[in-house]
Amino acid sequence: MNDFTHINDPSRRIREAAAALAPRLVELRRDIHTHPELAFEEVRTSGIVAAELERMGIAHRTGVGRTGVLGFIEGGRPGPTLAIRADMDALPIHEETGLPFASQTDGKMHACGHDIHTVTLLGVASVLKDLAPHFAGRVALVFQPAEETLEGADAMIADGALEGVDMALGFHNHPDMPTGRFGYVRGACLAAADKFDLIIRGKSGHAAHPYAAVDPIVAAAHFVTQAQTVVSREIKPLQPAVVTIGQSTGGTTYNIIPERVHLKGSVRTLHPEARDTAEAALRRLAEGIAVGMRVEAQMDYQRKVPPLLNSDRVLEPALVALADQFGMDFVDEGEPSMGSEDFSAFATRVPALQLRIGSSAPGRQDALHNAKYQPDEGCIPAGVEALSRVALQLLG
Numbered sequence: 001m002n003d004f005t006h007i008n009d010p011s012r013r014i015r016e017a018a019a020a021l022a023p024r025l026v027e028l029r030r031d032i033h034t035h036p037e038l039a040f041e042e043v044r045t046s047g048i049v050a051a052e053l054e055r056m057g058i059a060h061r062t063g064v065g066r067t068g069v070l071g072f073i074e075g076g077r078p079g080p081t082l083a084i085r086a087d088m089d090a091l092p093i094h095e096e097t098g099l100p101f102a103s104q105t106d107g108k109m110h111a112c113g114h115d116i117h118t119v120t121l122l123g124v125a126s127v128l129k130d131l132a133p134h135f136a137g138r139v140a141l142v143f144q145p146a147e148e149t150l151e152g153a154d155a156m157i158a159d160g161a162l163e164g165v166d167m168a169l170g171f172h173n174h175p176d177m178p179t180g181r182f183g184y185v186r187g188a189c190l191a192a193a194d195k196f197d198l199i200i201r202g203k204s205g206h207a208a209h210p211y212a213a214v215d216p217i218v219a220a221a222h223f224v225t226q227a228q229t230v231v232s233r234e235i236k237p238l239q240p241a242v243v244t245i246g247q248s249t250g251g252t253t254y255n256i257i258p259e260r261v262h263l264k265g266s267v268r269t270l271h272p273e274a275r276d277t278a279e280a281a282l283r284r285l286a287e288g289i290a291v292g293m294r295v296e297a298q299m300d301y302q303r304k305v306p307p308l309l310n311s312d313r314v315l316e317p318a319l320v321a322l323a324d325q326f327g328m329d330f331v332d333e334g335e336p337s338m339g340s341e342d343f344s345a346f347a348t349r350v351p352a353l354q355l356r357i358g359s360s361a362p363g364r365q366d367a368l369h370n371a372k373y374q375p376d377e378g379c380i381p382a383g384v385e386a387l388s389r390v391a392l393q394l395l396g
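So, in structure tokens, the structure goes:
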């Protein structure tokens, strides 16, 4: 355990700082929430972040990964570099909360709480700036665009966001957990996310004379059915996997067999073996459909992000910090989720941890990516407190 006797009661100091920052952070959150921006459009949000870092006297770079911001806090003595990452982008969802600070942009909403994440990291920046003389090393503040498209992390890394970084800390609000509680998962906590487009081409014709056509809709239907056997019959039961066909487009009216059908699907896995098996199986099924149904089947399969793996090297000190700050009664070990996060791009390069921060509002049962999502803003100071204490532990 690190020795923080050189700081006068670090737990109390961090707790009081987080509480004092809360009103300003809530104000900033509501401003960002009112003006949501989609992936790689976060110009206004990045401007707010840069202005706040400038006000705090924190060195920073803008335009990292197109619309990202990278800030730096130097500790009082040499040591490792810890990256703390928050995502900033909104979703293409029309808000239905009726809140006075609801989105003013039709079809765009912070329905995943990235506005919460952005201001939480600003709060952490303020706390760690004040504590900088007491820790060793450096903090890299990573304000990332385009998480929802799973492209922002790679863009920032390509622009140097991980240069010199030794470990990384990510976080996400969780409406399935009460505010004031925190969660973690050992090992793989989030799934790999892959996607595919399958174009099935037949021969168009009159619905009354199907023998003179080649029906791509029937072929597509066979593929959709067979795709469901990939998980049930080809992947080990103890290796979770999900194959979903999210869109099927083809045809124009009742009595015409169309020329083509376009299927869009996603694949989620936690294990590399299952990931390989799923891709190989779906490609094989597409080839079989082409032969068996007399169609052309063109598959474009893209691996997007790998599973997000939590490292014990970061997790164990984090648990010590959380226990010191809150007591382990407020920290829960959870189960992996088949959701995905491009923070995995950081976690594949350096030891990392994704911390779950409870955000459930009393009396509500909210879900992420929902038009009526209303997280409890009390999760902001709670997150500031937890992340600051973990950072101090890792850099002590």
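Count the sequence shown with UniProt numbering and you get residues 1 to 396, in order.
The beta carbon of each residue, even a glycine, is placed where N, CA and C say it ideally should be.
None of these values were measured; they are calculated from a predicted model.
Residue closest to residue i, alpha-carbon to alpha-carbon, out of the options
| i | options | result |
| --- | --- | --- |
| residue 367 | 333, 76, 178 and 283 | 178 |
| residue 225 | 263, 193, 188 and 190 | 263 |
| residue 14 | 324, 330, 369 and 332 | 324 |
| residue 238 | 220, 215, 255 and 270 | 270 |
| residue 295 | 154, 204 and 36 | 204 |
| residue 146 | 211, 165 and 68 | 68 |
| residue 107 | 175, 72, 11 and 371 | 371 |
| residue 397 | 355, 137, 284 and 230 | Because residue 397 is not part of the residues shown, which for the chain are 1 to 396, the question remains open. |
| residue 390 | 365, 258 and 135 | 135 |
| residue 268 | 287, 258, 288 and 230 | 230 |
| residue 308 | 278, 287 and 339 | 339 |
| residue 95 | 273, 248, 396 and 34 | 34 |
| residue 243 | 191, 250, 97 and 215 | 191 |
| residue 28 | 16, 48, 10 and 12 | 48 |
| residue 383 | 55, 98 and 125 | 125 |
| residue 275 | 347, 326, 11 and 195 | 195 |
| residue 265 | 304, 12 and 255 | 304 |
| residue 185 | 8, 44, 332 and 365 | 332 |
| residue 358 | 175, 334, 215 and 346 | 175 |
| residue 336 | 228, 188, 36 and 104 | 188 |
| residue 343 | 171, 181, 30 and 100 | 171 |
| residue 11 | 360, 363, 341 and 326 | 326 |
| residue 16 | 123, 182 and 214 | 123 |
Whether residue i touches residue j by CB criterion (9 Å)
| i | j | result |
| --- | --- | --- |
| residue 199 | residue 298 | yes |
| residue 261 | residue 219 | yes |
| residue 157 | residue 349 | yes |
| residue 118 | residue 40 | no |
| residue 352 | residue 168 | yes |
| residue 439 | residue 75 | Residue 439 cannot be examined here, being either before or after the span of the chain that is shown, 1 to 396. |
| residue 64 | residue 159 | yes |
| residue 257 | residue 207 | yes |
| residue 281 | residue 223 | no |
| residue 112 | residue 128 | no |
| residue 114 | residue 154 | no |
| residue 71 | residue 58 | yes |
| residue 180 | residue 330 | yes |
| residue 277 | residue 341 | no |
| residue 293 | residue 215 | yes |
Buried or exposed (CB count within 10 angstroms, at least 16 for buried), residue i
| i | result |
| --- | --- |
| residue 425 | Nothing can be reported for residue 425: it is not among the residues displayed for the chain, which extend from 1 to 396. |
| residue 151 | buried |
| residue 302 | exposed |
| residue 317 | buried |
| residue 232 | exposed |
| residue 328 | exposed |
| residue 407 | What the structure shows of the chain is the stretch from 1 to 396, and residue 407 is not part of that stretch, so it cannot be assessed. |
| residue 209 | exposed |
| residue 120 | buried |
| residue 1 | Residue confidence for residue 1 is low, a pLDDT of 38 falling below 50, so the modelled location carries little weight and cannot support an answer. |
| residue 240 | buried |
| residue 310 | buried |
| residue 163 | exposed |
| residue 393 | buried |
| residue 73 | buried |
| residue 314 | buried |
| residue 131 | buried |
| residue 252 | exposed |
| residue 51 | exposed |
| residue 369 | exposed |
| residue 37 | buried |
| residue 99 | exposed |
| residue 284 | exposed |
| residue 165 | buried |
Check: Taking the runs of the beta strand (DSSP E) that are 3 residues or longer, which of them lie wholly in the stretch 8-50?
Finding: Counting only runs of 3 or more, we get nothing.
Check: If you pair each beta-carbon of the stretch 141-154 with each one of the stretch 83-99, do three or more pairs fall below 8 Å?
Finding: Verdict: yes, contact present.
Check: Fully enclosed by the stretch 260-324, which beta strand (DSSP E) runs are 3 residues long or longer?
Finding: Listed in chain order, the beta strand (DSSP E) runs fully inside the stretch 260-324 are 260-269, 296-305 and 308-310, counting runs of at least 3 residues.
Next item on the list: Would you check if there are 3 or more beta carbon pairs closer than 8 Å linking the stretch 377-385 to the stretch 12-30?
Entry: In short, these stretches touch, since the Cβ pair count reaches three.
Note to self: Restricting to runs no shorter than 3 residues, where is the beta strand (DSSP E) found entirely within the stretch 321-357?
What the structure shows: For the stretch 321-357, whole beta strand (DSSP E) runs of length 3 or above, ordered along the chain, are 331-333.
Check: Enumerated in chain order, which unbroken segments of the beta strand (DSSP E) with a length of 3 residues or greater are wholly contained in the stretch 86-165?
Finding: Considered as a whole, the stretch 86-165 harbours 136-144 as its complete beta strand (DSSP E) runs of no fewer than 3 residues, in chain order.
Note to self: Quick check on the DSSP output: what are the complete alpha helix (DSSP H) runs of length 4 or more inside the stretch 51-89, in order along the chain?
What the structure shows: List check, alpha helix (DSSP H) in window: nothing returned.
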